[in-house]
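First up is the structure itself, then whatever we jot down about it.
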Ligand code: MLT
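Residue numbers (my numbering): 503 to 758.
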């Protein structure tokens, strides 16, 4: 399907893939800095999210990756640097498996290469039932407290309100379709050793969803990878600590 996207700057293409249940808007604290650094920053809304309206019951992560390939084709971009946070990282693992020739560097943030455990899958289906009953309120009540760091909860009330607003902007149908897609996504453990492009791993020190243990496994198995840990940040490290996140991102991008 055709995705809605925003493009800022006209330099080397850099595609930023957003987390669940957000949209390309989550990259607002990064866009100006990256375009000033000479990148053409592309922020798509993955299928179902933001302005990329889609009315399926299940949106697979692999289809989301294929949508990105379609977008690159429309934009006549052969190769790009890709950055994905959480669900965006799941999409990026699929994208690299399917289209490795289109990737010049990878940035995985607060994400996981492994498929869902049975317990995690069960949790997703329980959350789907709650969303069917209470809409996006269920997402805010059941997900948000675990996503942000204690520091963010205590010191950044405006950011918490902003994230809640982004959650509310996501339709129940899109959230449910993506939860089903995440529950059935493939395991990408085998891909880690095959990654042959410069790779950065950026993780919030207090990320409870995709934790530092995952980051360290990725760091050990991906040759030519750099690990950046963002202090006082949880799962949404780019939103919670944008200055630290941007400094890590810039340091990595300067090495390319
Ligand atoms: C995300 O931030 O994209 C989600 O928390 C990912 C997940 O639920 O596995």
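We treat Cβ as the ideally placed atom computed from N, Cα and C, and that holds for glycine. Bear in mind that the values here come from a model prediction, so they are computed numbers and not experimental data.
Quiz item: Taking 8 Å as the line, does the beta carbon of residue 589 fall inside it for any heavy atom of the ligand MLT?
Solution: yes
Exercise. Reducing DSSP to helix, strand and coil, say where residue 509 ends up.
Key: strand
Quiz item: Hey, would you say residue 754 sits closer than 9 Å to residue 531, going by beta carbons?
Solution: no
Quiz item: Hey, out of 512, 730, 640, whose CA is closest to residue 538's CA?
Solution: 512
Quiz prompt | Burial state of residue 534 (16 or more Cβ within 10 Å) | solution = exposed
Quiz prompt | Distance CB(residue 523)-CB(residue 641) smaller than 9 Å | solution = yes
Self-check item: Residue range of the unbroken alpha helix (DSSP H) whose run includes residue 744
Solution: 744-756
Self-check item: C-alpha gap between residue 551 and residue 620, whole angstroms
Solution: 26 Å
Self-check item: Helix, strand or coil at residue 571 [DSSP, three-state]
Solution: helix
Quiz prompt | Helix, strand or coil at residue 674 [DSSP, three-state] | solution = helix
Quiz prompt | At least 3 beta-carbon pairs within less than 8 Å: the segment 702-720 vs the segment 673-683 | solution = no
Quiz item: Would the beta-carbon of residue 612 be found less than 8 Å away from any heavy atom of the ligand MLT?
Solution: yes
Quiz item: Roughly how many whole angstroms lie between the Cα atoms of residue 699 and residue 726?
Solution: 7 Å
Quiz item: Roughly how many angstroms separate the alpha carbons of residue 521 and residue 722, rounded to a whole number?
Solution: 24 Å
Quiz item: Could you give the uninterrupted runs of the alpha helix (DSSP H) lying entirely in the segment 664-745, keeping only those of 4 residues or more?
Solution: 674-685, 691-694, 714-723, 739-742
Quiz prompt | Top-ranked residue by Cα proximity to residue 676, from 579, 702, 559, 740 | solution = 559
Practice problem: Could you name the residues that DSSP lists as bridge partners for residue 635? | Solution: For residue 635, which the question treats as bridged, DSSP gives no partner whatsoever.
Quiz item: Where DSSP assigns a beta bridge to residue 765, which residues make up the other side?
Solution: What is shown of the chain runs 503 to 758, which leaves residue 765 out entirely.
Practice problem: Compare the Cα-Cα distances from residue 504 to each of 582, 646, 554 and report the closest residue. | Solution: 554
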